[in-house]
Amino acid sequence: MALRLAQEAPGVETIRMVNLGATGGGVAPVAAVNSAGDPRPRQPVQGQNAQKKDGRFSSVVNTVYSWFASHEIPSPQANEAQTLAAPTTQTKAPTRPSGYDCAICLHDIIGVDIRTPCGHHYDKGCILNLFERSTKDETVFPPRCCKRQIPLSSVQAHMSADLLQRFNTKLKECSTLKRVYCANPVCSRFLGPQQGSTTSRSFLPSSSTTKACPAAGCITTTCLRCKNKVTNPAHRCTENVQDSQVLSLGRAAGWARCPGCETMIELKDGCLHITCRCRTEFCYVCKARWKTCKCLLSR
8 MALRLAQEAP
18 GVETIRMVNL
28 GATGGGVAPV
38 AAVNSAGDPR
48 PRQPVQGQNA
58 QKKDGRFSSV
68 VNTVYSWFAS
78 HEIPSPQANE
88 AQTLAAPTTQ
98 TKAPTRPSGY
108 DCAICLHDII
118 GVDIRTPCGH
128 HYDKGCILNL
138 FERSTKDETV
148 FPPRCCKRQI
158 PLSSVQAHMS
168 ADLLQRFNTK
178 LKECSTLKRV
188 YCANPVCSRF
198 LGPQQGSTTS
208 RSFLPSSSTT
218 KACPAAGCIT
228 TTCLRCKNKV
238 TNPAHRCTEN
248 VQDSQVLSLG
258 RAAGWARCPG
268 CETMIELKDG
278 CLHITCRCRT
288 EFCYVCKARW
298 KTCKCLLSR
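Here you go:
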């Protein structure tokens, strides 16, 4: 909305005001123009009309000053100072190559350089992928370089909370020899170590020997002794059907059972020196721990 003042006669200048509603209401001057719309300096006005106009003009000026003061608009000098100062506070030094190649991707390491105990260097992304893979593949757990374990402490600061939690869970699983998994074949989540043996068929489960699966959506309770599903309080331990089938198949096929974790292992080719995923070494022929078997000494 425009406000016009002192528009009585040709040649008398006018002050047009524009609505500043978009910035909070009020008015601000646009320009002093003559009747033809051309800018011109203010001419002195004599007499009573001059006093009226001066009074009106002073009122308008006071209104404009009050509006700017209430909205605390920074001065151009202040804005310019802030603009010039901003880059100096946000500028970061460029990341330079570390001078080493990553042992996995063989590219120059730029940024975080993680050094293993054997002296090799790893890019952060590559070593995180290695730790991620180790949570899904026990054959590469724990992550190693030159057959030496890569310390978790050297990578932990760069791991996400989710990856760290899954890594610690896998560490607990791989540290357990005789493991029990959820009896629900769709779930098969690791529950903990096996409790005792199943020689006593009159065994009644208790809270210390049964465990409800913590996986989301799984409501299966598993006996930590016989590994079977617990369906009622009167549960009796019996031989696990799935284990029996695998053992029967292994005996018929000539498979060996690890003396450490009791996992069935089939040798397709290679030497008889077996290293299980639990790190137990044994002879595939007599199933005894490596370098303790008599069949090897008799050759």
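In terms of my numbering, the sequence shown has 274 at position 267, counting the first letter as 1, and numbering is strictly consecutive.
Where a beta carbon is used, it is the ideal one built from N, C-alpha and C, also for glycine.
Nothing here was measured: the structure is a model prediction, and the numbers come from that model.
Item                                                                                                                                                                      : Value
Curious, which full-length alpha helix (DSSP H) runs of at least 4 residues does the region 165-246 contain?                                                              : 168-181
Answer with buried or exposed for A241, where buried requires no fewer than 16 other C-beta atoms within 10 angstroms of its C-beta.                                      : exposed
Which residue or residues does DSSP assign as beta-bridge partners of A263?                                                                                               : I272
For Q201, which residues from the same chain have a beta carbon less than 8 angstroms from its beta carbon, with the 5 sequence-adjacent residues on both sides left out? : K185, R186, V187, L231, R232, K234
Just the C-alpha distance for I117 and S105, rounded to the nearest angstrom, thanks.                                                                                     : 6 angstroms
For the beta strand (DSSP E) containing G313, name the first residue and the last one.                                                                                    : The shown model of the chain, from 8 to 306, leaves out residue 313, and the question about it has no answer.
Which same chain residues, not among the five before or five after C112, have their C-beta less than 8 angstroms away from its C-beta?                                    : D130, C133
Counting Cβ pairs, one atom from each stretch, are 3 or more of them under 8 angstroms apart for the region 251-271 and the region 168-187?                               : yes
Output needed for E180: all residues of its chain with C-beta closer than 6 angstroms, excluding positions within five of it in sequence on either side, in chain order.  : F197
Which value, in whole angstroms, describes the spacing of the CA atoms of A164 and T123?                                                                                  : 15 angstroms
In this structure, how does DSSP classify R258 when only helix, strand and coil are distinguished?                                                                        : helix
Taking 6 angstroms as the limit between beta carbons, can you name the residues of its chain near T142, skipping five residues before and five after?                     : R173, F174, K177
Can you give me the C-alpha to C-alpha distance between E272 and A263, rounded to a whole angstrom?                                                                       : The question names Glu, but residue 272 is Ile in the sequence shown. In a straight line, the C-alpha of I272 is about 5 angstroms away from that of A263.
Given that a residue counts as buried once 16 or more other Cβ atoms are within 10 Å of its Cβ, and exposed if not, what is I157?                                         : buried
In or out: T238 buried (at least 16 other Cβ within 10 Å) or exposed?                                                                                                     : exposed
The beta strand (DSSP E) with E288 in it runs from where to where?                                                                                                        : 288-290
Give the single residue among R155, C125, S167, S161 whose Cα lies nearest to the Cα of E139.                                                                             : S167
What is the residue span of the beta strand (DSSP E) that I157 lies within?                                                                                               : Unbroken run through I157: none, as it is neither H nor E.
Quick check on R232 - is its C-beta less than 8 angstroms from some C-beta in chain B?                                                                                    : Within the model displayed, chain B is absent; a lone protein chain is all it includes.
In terms of DSSP beta bridges, what is D120 paired with?                                                                                                                  : D130
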